[in-house]
Amino acid sequence: MESQIFNSINHLKQLNDNPFTLQKIAYWLYEYNDLYKEVKNYSENLCEQCQQWKDDGLPYDCLQEANYCTKRYRYFTNFYEEVEYGIKVQELDAACKVALEEYKTNNNELQLKEWLIKYFDFGYNKLAIFYYDHLDYSVDNNEVVHPHFGNSPIGEFGVCIDRRYYKNLIEFDDVFKMLFYERKIYPEKLKEIEEEMQKIVTPMVPIPKID
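So the number in the numbering used here is just where the residue sits in the sequence shown, counting from 1, plus 1088.
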(Lines of atoms letter the chains of each structure in order from A and count residues from 1; the text may use other names and numbers.)
(Lines give C-alpha, C1' and ligand atoms only; values in the text may rest on other atoms or scores of the structure.)
Protein backbone atom coordinates (compact mmCIF):
# COMPACT_ATOMS: atom_id res chain seq x y z
CA MET A 1 0.00 0.00 0.00
CA GLU A 2 2.83 2.38 0.83
CA SER A 3 4.39 1.95 -2.62
CA GLN A 4 1.00 2.60 -4.26
CA ILE A 5 0.64 5.80 -2.28
CA PHE A 6 4.14 6.93 -3.22
CA ASN A 7 3.51 6.20 -6.90
CA SER A 8 0.18 8.05 -6.89
CA ILE A 9 1.68 11.20 -5.38
CA ASN A 10 4.68 11.03 -7.67
CA HIS A 11 2.25 10.79 -10.58
CA LEU A 12 0.49 13.94 -9.38
CA LYS A 13 3.82 15.74 -9.19
CA GLN A 14 4.51 14.84 -12.81
CA LEU A 15 1.17 16.37 -13.84
CA ASN A 16 2.06 19.75 -12.37
CA ASP A 17 1.88 22.69 -14.79
CA ASN A 18 2.77 25.30 -12.12
CA PRO A 19 -0.08 25.80 -11.43
CA PHE A 20 -2.15 22.68 -12.05
CA THR A 21 -5.03 22.69 -14.50
CA LEU A 22 -8.41 21.69 -13.12
CA GLN A 23 -8.63 18.84 -15.62
CA LYS A 24 -5.38 17.21 -14.46
CA ILE A 25 -6.43 17.40 -10.82
CA ALA A 26 -9.81 15.85 -11.65
CA TYR A 27 -8.06 13.11 -13.63
CA TRP A 28 -5.71 12.31 -10.74
CA LEU A 29 -8.57 12.15 -8.23
CA TYR A 30 -10.49 9.80 -10.48
CA GLU A 31 -7.43 7.65 -11.19
CA TYR A 32 -6.67 7.07 -7.49
CA ASN A 33 -10.16 7.11 -6.00
CA ASP A 34 -10.07 3.34 -5.43
CA LEU A 35 -6.76 3.67 -3.60
CA TYR A 36 -8.23 6.46 -1.48
CA LYS A 37 -11.20 4.27 -0.53
CA GLU A 38 -8.91 1.34 0.27
CA VAL A 39 -6.69 3.43 2.55
CA LYS A 40 -9.73 5.07 4.15
CA ASN A 41 -11.30 1.72 4.99
CA TYR A 42 -7.99 0.36 6.25
CA SER A 43 -7.52 3.39 8.51
CA GLU A 44 -10.94 3.01 10.10
CA ASN A 45 -10.13 -0.43 11.53
CA LEU A 46 -8.43 -0.18 14.90
CA CYS A 47 -5.06 -1.82 15.33
CA GLU A 48 -4.56 -4.14 18.34
CA GLN A 49 -2.94 -1.42 20.43
CA CYS A 50 -5.70 1.11 19.72
CA GLN A 51 -8.35 -1.52 20.45
CA GLN A 52 -6.69 -2.28 23.78
CA TRP A 53 -6.60 1.40 24.71
CA LYS A 54 -10.27 1.74 23.72
CA ASP A 55 -11.22 -1.29 25.84
CA ASP A 56 -9.38 0.28 28.78
CA GLY A 57 -11.28 3.54 28.35
CA LEU A 58 -8.17 5.40 27.20
CA PRO A 59 -7.60 7.68 24.17
CA TYR A 60 -6.89 5.36 21.27
CA ASP A 61 -5.81 7.59 18.42
CA CYS A 62 -2.21 6.73 17.46
CA LEU A 63 -1.03 10.29 16.98
CA GLN A 64 2.46 9.09 16.14
CA GLU A 65 1.02 6.70 13.55
CA ALA A 66 3.44 3.93 14.40
CA ASN A 67 4.27 1.21 11.91
CA TYR A 68 1.89 -1.22 13.59
CA CYS A 69 -1.09 1.17 13.44
CA THR A 70 -3.72 1.12 10.73
CA LYS A 71 -3.84 4.93 10.83
CA ARG A 72 -0.30 5.34 9.57
CA TYR A 73 -1.47 6.11 6.02
CA ARG A 74 -3.94 8.83 6.95
CA TYR A 75 -1.53 11.38 5.52
CA PHE A 76 -2.62 10.18 2.09
CA THR A 77 -6.38 10.37 2.71
CA ASN A 78 -6.00 13.79 4.34
CA PHE A 79 -4.02 15.03 1.34
CA TYR A 80 -6.45 13.50 -1.15
CA GLU A 81 -9.39 15.23 0.56
CA GLU A 82 -7.61 18.59 0.50
CA VAL A 83 -7.03 18.26 -3.22
CA GLU A 84 -10.58 17.03 -3.77
CA TYR A 85 -11.92 20.13 -2.02
CA GLY A 86 -10.32 22.19 -4.79
CA ILE A 87 -12.60 20.49 -7.30
CA LYS A 88 -15.72 20.63 -5.14
CA VAL A 89 -15.46 24.31 -4.30
CA GLN A 90 -14.81 25.18 -7.95
CA GLU A 91 -18.27 23.86 -8.76
CA LEU A 92 -19.63 26.92 -6.93
CA ASP A 93 -17.99 29.28 -9.41
CA ALA A 94 -21.04 29.19 -11.69
CA ALA A 95 -23.34 30.20 -8.81
CA CYS A 96 -20.98 33.07 -7.99
CA LYS A 97 -21.20 34.24 -11.60
CA VAL A 98 -24.99 34.40 -11.35
CA ALA A 99 -24.76 36.30 -8.06
CA LEU A 100 -22.33 38.81 -9.57
CA GLU A 101 -24.61 39.41 -12.53
CA GLU A 102 -27.43 40.17 -10.09
CA TYR A 103 -25.14 42.46 -8.09
CA LYS A 104 -24.35 44.55 -11.15
CA THR A 105 -28.06 45.30 -11.66
CA ASN A 106 -28.47 46.85 -8.19
CA ASN A 107 -28.68 50.64 -8.21
CA ASN A 108 -29.16 51.65 -4.59
CA GLU A 109 -28.20 50.64 -1.07
CA LEU A 110 -31.50 48.94 -0.32
CA GLN A 111 -31.07 46.64 -3.31
CA LEU A 112 -27.49 45.93 -2.32
CA LYS A 113 -28.61 45.01 1.18
CA GLU A 114 -31.24 42.66 -0.23
CA TRP A 115 -28.54 41.08 -2.39
CA LEU A 116 -26.25 40.67 0.60
CA ILE A 117 -29.02 39.06 2.67
CA LYS A 118 -29.84 36.70 -0.18
CA TYR A 119 -26.26 35.51 -0.53
CA PHE A 120 -25.12 35.89 3.06
CA ASP A 121 -25.07 32.19 3.95
CA PHE A 122 -23.32 31.46 0.68
CA GLY A 123 -20.58 34.04 1.20
CA TYR A 124 -20.15 33.88 4.96
CA ASN A 125 -20.49 30.14 5.54
CA LYS A 126 -20.12 28.02 2.42
CA LEU A 127 -17.12 29.86 1.00
CA ALA A 128 -15.36 30.92 4.20
CA ILE A 129 -12.96 27.96 4.21
CA PHE A 130 -11.96 28.62 0.62
CA TYR A 131 -11.15 32.26 1.21
CA TYR A 132 -9.34 31.96 4.51
CA ASP A 133 -7.57 28.61 4.07
CA HIS A 134 -6.78 28.49 0.37
CA LEU A 135 -6.07 32.06 -0.75
CA ASP A 136 -3.02 33.96 0.47
CA TYR A 137 -3.93 37.58 1.04
CA SER A 138 -0.55 38.48 2.51
CA VAL A 139 1.31 38.71 -0.78
CA ASP A 140 1.92 41.81 -2.85
CA ASN A 141 -1.12 43.05 -4.74
CA ASN A 142 0.75 42.74 -8.02
CA GLU A 143 1.53 39.06 -7.49
CA VAL A 144 -0.76 36.48 -9.05
CA VAL A 145 -2.08 34.16 -6.33
CA HIS A 146 -3.38 30.73 -7.25
CA PRO A 147 -5.60 28.85 -4.77
CA HIS A 148 -3.58 26.36 -2.77
CA PHE A 149 -5.00 22.99 -1.81
CA GLY A 150 -2.47 21.19 0.33
CA ASN A 151 1.16 20.18 0.39
CA SER A 152 2.31 16.77 -0.69
CA PRO A 153 3.36 14.54 2.23
CA ILE A 154 5.86 12.95 -0.17
CA GLY A 155 7.95 14.77 -2.73
CA GLU A 156 7.80 18.31 -1.32
CA PHE A 157 5.45 20.14 -3.66
CA GLY A 158 2.25 22.10 -3.20
CA VAL A 159 -0.98 21.79 -5.11
CA CYS A 160 -1.99 25.15 -6.58
CA ILE A 161 -4.78 25.20 -9.15
CA ASP A 162 -4.91 27.98 -11.72
CA ARG A 163 -6.98 30.88 -10.39
CA ARG A 164 -8.81 31.33 -13.71
CA TYR A 165 -11.11 28.48 -12.67
CA TYR A 166 -12.03 30.44 -9.53
CA LYS A 167 -12.42 33.87 -11.09
CA ASN A 168 -16.03 34.39 -10.03
CA LEU A 169 -15.46 32.90 -6.57
CA ILE A 170 -12.68 35.40 -5.91
CA GLU A 171 -14.61 38.36 -7.33
CA PHE A 172 -17.69 37.40 -5.31
CA ASP A 173 -15.58 37.40 -2.15
CA ASP A 174 -14.25 40.88 -2.90
CA VAL A 175 -17.77 42.24 -3.39
CA PHE A 176 -19.19 40.42 -0.37
CA LYS A 177 -16.49 41.69 2.02
CA MET A 178 -16.68 45.21 0.63
CA LEU A 179 -20.43 45.43 1.20
CA PHE A 180 -20.50 43.69 4.56
CA TYR A 181 -17.31 44.83 6.30
CA GLU A 182 -16.40 48.10 4.61
CA ARG A 183 -19.71 49.70 3.66
CA LYS A 184 -21.57 47.89 6.46
CA ILE A 185 -24.88 47.88 4.64
CA TYR A 186 -26.15 44.95 6.73
CA PRO A 187 -25.30 46.42 10.17
CA GLU A 188 -27.68 44.30 12.25
CA LYS A 189 -26.03 41.07 11.08
CA LEU A 190 -22.55 42.51 11.59
CA LYS A 191 -23.50 43.50 15.15
CA GLU A 192 -24.94 40.05 15.79
CA ILE A 193 -21.71 38.39 14.68
CA GLU A 194 -19.59 40.74 16.78
CA GLU A 195 -21.70 39.97 19.86
CA GLU A 196 -21.39 36.23 19.26
CA MET A 197 -17.63 36.56 18.91
CA GLN A 198 -17.42 38.40 22.21
CA LYS A 199 -19.21 35.54 23.94
CA ILE A 200 -16.68 32.94 22.83
CA VAL A 201 -13.59 35.02 23.58
CA THR A 202 -12.21 34.01 26.97
CA PRO A 203 -12.19 37.04 29.25
CA MET A 204 -8.73 38.05 30.32
CA VAL A 205 -8.08 37.30 33.99
CA PRO A 206 -6.78 40.44 35.68
CA ILE A 207 -3.25 40.07 37.04
CA PRO A 208 -3.13 40.95 40.76
CA LYS A 209 -1.00 43.93 41.56
CA ILE A 210 2.10 43.15 43.58
CA ASP A 211 3.12 45.85 46.04
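Beta carbons are placed, not taken as given, at the ideal position from N, Cα and C, and that holds for glycine.
**Report entry** Cut-off 7 Å between Cβ atoms - residues of its own chain near isoleucine 1249, not counting five sequence neighbours on either side
**Finding:** Pro1107, Phe1108, Leu1110, Ile1113, Gly1174, His1234, Pro1235 and Phe1237
Report task. Give the secondary structure of valine 1247 by DSSP, where H, G and I count as helix, E and B as strand, and everything else as coil. Result -> strand
Requested in this report: Identify every run of the alpha helix (DSSP H) within the stretch 1185-1237, keeping only runs that are complete inside it and at least 4 residues long; order them along the chain.
Outcome: 1197-1206 and 1216-1222
Report task. Could you pull the start and end residues of the alpha helix (DSSP H) that lysine 1125 belongs to? Result -> 1121-1132
Requested in this report: Compute the Euclidean distance between the alpha carbons of glutamine 1092 and histidine 1222, then round it to the nearest angstrom.
Outcome: Cα-Cα distance, rounded: 27 Å.
Requested in this report: Flag this pair as touching only if the stretch 1164-1179 and the stretch 1239-1259 have three or more C-beta atom pairs under 8 Å; answer yes or no.
Outcome: Remark: three or more beta-carbon pairs, one from each stretch, lie closer than 8 Å, so the stretch 1164-1179 and the stretch 1239-1259 are flagged as touching.
Query raised in the report: Rounded to the nearest angstrom, how far is the Cβ of leucine 1215 from that of aspartate 1261, given a contact under 8 Å?
Result: Going by Cβ atoms, the distance from leucine 1215 to aspartate 1261 rounds to 7 Å, so yes, they are a contact pair.
Query raised in the report: Do asparagine 1133 and threonine 1165 have their C-beta atoms closer together than 8 Å?
Result: No, the pair does not count as a contact, with Cβ atoms beyond the cut-off.
Query - Segment contact flag, the stretch 1259-1278 with the stretch 1182-1191, C-beta cutoff 8 Å, min 3 pairs - result: yes
Query raised in the report: Tell me which same chain residues have a C-beta within less than 6 Å of the C-beta of arginine 1162, skipping the five on either side of it?
Result: Ser1131
Query raised in the report: What does DSSP give as the partner residues of asparagine 1098 in its beta bridges?
Result: For asparagine 1098, which the question treats as bridged, DSSP gives no partner whatsoever.
Report task. Report buried or exposed for tyrosine 1207, applying the criterion of at least 16 other Cβ atoms within 10 angstroms of its Cβ. Result -> buried
Query - Cβ-Cβ separation, leucine 1278 to leucine 1200 (assumed contact under 8 Å), whole Å - result: About 14 Å; that fails the 8 Å criterion.
**Report entry** Where asparagine 1104 sits in the DSSP three-state scheme
**Finding:** Asparagine 1104: coil per DSSP, three-state reduction.
Query raised in the report: When you compare only the Cα positions, how much space is there between glutamate 1090 and tyrosine 1220?
Result: 32 Å
Query raised in the report: How many angstroms separate the CA atom of glycine 1211 from the CA atom of phenylalanine 1218?
Result: 10 Å
Query - Same chain only: Cβ atoms within 8 Å of glutamate 1126, ignoring 5 sequence neighbours per side - result: Met1089
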